[in-house]
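In UniProt numbering, the protein residues as written are 1 to 264.
Here it is, written out as structure tokens:
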């Protein structure tokens, strides 16, 4: 997406993660910056609220329990479910959280709607990439995604075509809408994807407009726009190498923080 005026910068969360989460924590393709998560938790919620994360990965939202919020996470993949349990044991031992934490294993669509005050999460991206070889590997790196990084559960949305990913996410957003009270916030952190020939065919220059499409489907299920921000997502060394080796690949250097509100 382009044309945003609210650009945010958050420093790297590598060191703060070492403080709060298990030393054995494995990375996740769509893991949100922890400083950004803390900013959203403080901005949109208050102590005592229950916050939902339907695709929770390594469980970063559990940090909210340190701030007196309660958290319910859903996670599809067994290895990330196990990682969250390890992270929570470590976090609860070292941080003495004042909020509660719950974790359900399975497809979010099975559990929604689930009564909660607000929802903060980073959804899966499409990694069903057309083509092959080094260029595709670079595209996967640029998108911040890989099938192996997410997992191989048959219900994993990221393995679907871009269109079917959107349809699956629309079902999840509808479930979130039906979970929240009037005035409840949805914050979803998305990033446009560089991943398919079909995007070029549709006139998007090889970039899937995931953030714009997310806004569209959130409106369709009933949410109203509250605020829209961009985070400056500078490329890692890995991405810089991928770009230099594959100069024809478009660059995506921001991610969108889409804040919706249930008004009716």
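By construction, the Cβ of each residue, glycine as well, lies at the ideal position given by its N, Cα and C atoms.
Looking at the DSSP output, residue 256 bridges to 190 and 230.
DSSP assignment within the UniProt domain "DNA methylase N-4/N-6" (24 to 82) yields the following whole alpha helix (DSSP H) runs of 4 residues or more, N-terminal first: 34 to 44.
When secondary structure is reduced to three states using DSSP, residue 184 falls in the coil class, being assigned neither helix nor strand. Contact between residue 112 and residue 179 holds, since their C-beta atoms are separated by about 6 Å, short of 8 Å. Distance between residue 105 and residue 76, taken at the CA atoms: about 6 Å. Here residue 222 carries a coil assignment [DSSP, helix/strand/coil]. Contact between residue 21 and residue 81 does not hold, since their C-beta atoms are separated by about 15 Å, which reaches or exceeds 8 Å.
Judged by DSSP in its simplified three-state form, residue 94 adopts helix.
Membership of residue 104 in the beta strand (DSSP E) is indicated by the continuous run 101 to 105. When 99, 262, 40 and 101 are compared, the shortest CA-CA separation from residue 256 is found for 40. For residue 121, the uninterrupted beta strand (DSSP E) segment begins and ends at 118 to 121. In the same chain as residue 177, and ignoring 5 residues on each side of it, the C-beta atoms closer than 7 Å to its own belong to 221, 222, 223 and 262, in chain order.
Membership of residue 162 in the alpha helix (DSSP H) is indicated by the continuous run 162 to 177.
Residue 111: member of the alpha helix (DSSP H) spanning 108 to 111, first to last residue.
Here residue 161 is exposed, its C-beta having fewer than 16 other C-beta atoms within 10 Å.
Between residue 187 and residue 67, the C-beta spacing is not below 9 Å. Secondary structure note for residue 19: its alpha helix (DSSP H) is the uninterrupted segment 14 to 20.
At least 9 Å separates the beta-carbon of residue 125 from that of residue 83. An exposed status is given to residue 241, since fewer than 16 other beta-carbon atoms sit within 10 Å of its beta-carbon. Judged by beta-carbon spacing, residue 64 lies within the 9 Å limit of residue 71, meaning their Cβ atoms are closer than that value.
Non-local C-beta neighbours of residue 175 in its own chain, meaning closer than 6 Å and more than five positions away in sequence, comprise 112 and 113, ordered along the chain. Note on geometry: alpha-carbon atoms of residue 102 and residue 49 lie some 13 Å from one another. Distance between residue 60 and residue 117, taken at the CA atoms: about 18 Å. The beta carbons of residue 264 and residue 182 sit about 7 Å from each other, so the pair counts as a contact at 8 Å.
Taking each of 109, 168 and 36 in turn and checking the Cα distance to residue 12, the smallest one comes out for 36.
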